[in-house]
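Peer 1: Questions regarding the structure given below will be posed in turn.
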Amino acid sequence: MPTEKLISRQSPRSKPLHTGQDASVEIIGPSSHCDLSECTDQVSPRIPATRWFLPEKVYRRGGQVEEDAGTTPAPTGDRCTPASRETDGKEQEEEQEKQMLDISRPDARLVLLNNPSQSLQLSQSSGQEILANQRLNRPISPHLSIYRPQITWYGSALNRITGAVLSSGIYVFGAAYLVAPLFGWHLESASLAASFAAWPVLAKVLFKGAVAFPFTYHGLNGIRHLVWDTGASLTNKQVIYTGWTVVGLSVVSALGLTFL
1 MPTEKLISRQ
11 SPRSKPLHTG
21 QDASVEIIGP
31 SSHCDLSECT
41 DQVSPRIPAT
51 RWFLPEKVYR
61 RGGQVEEDAG
71 TTPAPTGDRC
81 TPASRETDGK
91 EQEEEQEKQM
101 LDISRPDARL
111 VLLNNPSQSL
121 QLSQSSGQEI
131 LANQRLNRPI
141 SPHLSIYRPQ
151 ITWYGSALNR
161 ITGAVLSSGI
171 YVFGAAYLVA
181 PLFGWHLESA
191 SLAASFAAWP
201 VLAKVLFKGA
211 VAFPFTYHGL
221 NGIRHLVWDT
231 GASLTNKQVI
241 YTGWTVVGLS
251 VVSALGLTFL
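Here's what the structure looks like:
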């Protein structure tokens with residue numbers, strides 16, 4: 001049997017009335033015929049709850065509440081009729097579905113909102129173009145700008161970036177070293193050392209720092225991950241503390257390697 005959901009408030013002026021196993025409610029004062037959506041102030045549950053279900057067989061008539069045992073006909077007209085409310089809701093949904101327009105169809109028509117009597121014939125390509133333009137205006141949710149930056153973000157991203165830089169450098173140099181005899185490249189250690197010694201001091205510092213920091217950070221952060229694998233230092237406070245510790249040690253050790 002369909003039921004109607006009521007959102008109610010407690011009142012000290014109410015009189016208890018039990019309407020069966022489905023609901024226990026209190027009726028407040030006399031009431032005229034009204035829609036259930038307008039009668040929510042006059043019905044409240046006897047138990048502490050904000051939502052309640054009232055059986056369809058309970059009707060309101062001139063301030064009286066009756067329990068339909070099969071002899072009382074369902075009220076009609078302006079009385080509380082959940083069935084009629086459901087019918088009206090279905091009709092509204094059907095009407096909304098009729099008004100919806102799939103502009104991706106070949107026979108779609110664009111109805112002007114300011115003048116519904118006018119419409120424009122759209123091709124399938126035009127409909128797809130309109131849809132694409134509408135999607136460009138949709139917001140991105142959730143946007144990263146709503147979050148406060150955390151060390152865990154930067155630590156995780158930096159760990160991946162430094163790993164990619166180190167592995168890429170090793171692979172590129174290794175491949176170049178293998179094909180160097182074919183192309184006549186001099187990548188021997190003596191040639192590389194002599195070439196690097198000829199660089200300006202600033203270039204040497206920048207290059208050594210660019211290589212040293214990824215190495216130190218990725219190595220120290222790898223130790224941090226190994227500690228996590230044991231189940232230790234996994235609380236938020238410990239993760240933040242170890243994250244900044246890795247950053248500080250990486251900077252210090254990178255500077256030490258740079259100025260050796």
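Going by full-length UniProt numbering, the sequence shown opens with residue 1, and the numbers climb by one from there. Note that beta-carbon positions come from the ideal geometry of N, C-alpha and C, so glycine has one too. Since we're looking at a predicted model, the values are computed, not measured.
Could you please give the first and the last residue of the uninterrupted alpha helix (DSSP H) stretch that includes residue 134?
Peer 2: Its alpha helix (DSSP H) spans residues 124 to 136.
Peer 1: With distances taken Cα to Cα, identify the nearest neighbour of residue 248 among 196, 216 and 166.
Peer 2: Closest by alpha carbon: 216.
Peer 1: From what residue to what residue does the alpha helix (DSSP H) around residue 244 run?
Peer 2: First-last of the alpha helix (DSSP H) with residue 244: 236 to 258.
Peer 1: Enumerate in chain order the residues of its own chain whose CB-to-CB distance from residue 243 is below 6 Å, with the five nearest sequence positions on each side excluded.
Peer 2: For residue 243, where only same-chain residues beyond five positions count, the Cβ hits under 6 Å are 151 and 155.
Peer 1: Does any residue of chain C bring its CB to less than 8 Å from the CB of residue 182?
Peer 2: As a matter of chain content, chain C is missing from the structure shown, which is built from one protein chain.
Peer 1: If you draw a straight line from the alpha carbon of residue 53 to that of residue 91, how long is it in whole angstroms?
Peer 2: The pLDDT assigned to residue 53 is 38, lower than 50, so where the model puts this residue is not dependable; a value taken from the coordinates is nonetheless given after this. Whole-angstrom Cα-Cα distance: 24 Å.
Peer 1: Would you say residue 204 and residue 213 are within 8 Å of each other, going by their C-beta atoms?
Peer 2: The answer is no: Cβ separation not under 8 Å.
Peer 1: For residue 147, which three-state DSSP category applies?
Peer 2: Here residue 147 sits in coil by DSSP.
Peer 1: Report buried or exposed for residue 32, applying the criterion of at least 16 other Cβ atoms within 10 angstroms of its Cβ.
Peer 2: Confidence is the limiting factor: at residue 32 the pLDDT is only 39, short of 50, which leaves the residue's position unreliable, though a coordinate-based value still follows. Its Cβ having fewer than 16 others within 10 Å, residue 32 is exposed.
Peer 1: What residue does the alpha helix (DSSP H) around residue 216 start on, and which one ends it?
Peer 2: Taken as a continuous stretch (DSSP letters only), the alpha helix (DSSP H) holding residue 216 covers 201 to 229.
Peer 1: Is the segment 214 to 234 touching the segment 155 to 174 in the sense that three or more CB pairs, one from each, lie closer than 8 Å?
Peer 2: Judged by Cβ distances under 8 Å, the segment 155 to 174 makes contact with the segment 214 to 234, as three or more pairs qualify.
Peer 1: For residue 257, which residues of its own chain have a beta-carbon under 6 Å away from its beta-carbon, when the five flanking residues on both sides are left out?
Peer 2: Correct list, in chain order: 212.
Peer 1: Classify residue 45: buried if its beta carbon has 16 or more other beta carbons within 10 angstroms, exposed otherwise.
Peer 2: With a pLDDT of 41 at residue 45, under the threshold of 50, the predicted position of this residue should be treated as unreliable, and no value is reported.
Peer 1: Cα separation between residue 181 and residue 167?
Peer 2: When rounded, the distance between both Cα atoms is 23 Å.
Peer 1: Run the CB neighbour count on residue 162, radius 10 Å, all protein chains shown included, and call it buried at 16 or more, exposed below.
Peer 2: By the neighbour-count rule (16 or more Cβ atoms within 10 Å), residue 162 is buried.
Peer 1: With 16 other CB atoms within 10 Å as the buried threshold, where does residue 125 fall?
Peer 2: The residue in question, residue 125, is exposed, as its Cβ has fewer than 16 Cβ neighbours within 10 Å.
Peer 1: Which value, in whole angstroms, describes the spacing of the CA atoms of residue 147 and residue 141?
Peer 2: If you take the alpha carbons of residue 147 and residue 141, they lie about 12 Å apart.
Peer 1: Can residue 254 and residue 209 be called in contact, C-beta distance under 8 Å?
Peer 2: Taking 8 Å as the Cβ cut-off, residue 254 and residue 209 qualify as a contacting pair.
Peer 1: Taking 8 Å as the cut-off, decide whether the C-beta atoms of residue 187 and residue 175 are in contact.
Peer 2: No. Outside cutoff.
Peer 1: What separation, rounded to the nearest whole angstrom, lies between the Cα atoms of residue 199 and residue 189?
Peer 2: Rounded to the nearest angstrom, the two C-alpha atoms are 16 Å apart.
Peer 1: What does the Cβ neighbour count give for residue 172, buried or exposed, with the cut at 16 atoms within 10 Å?
Peer 2: Residue 172 is exposed by the Cβ-count criterion.
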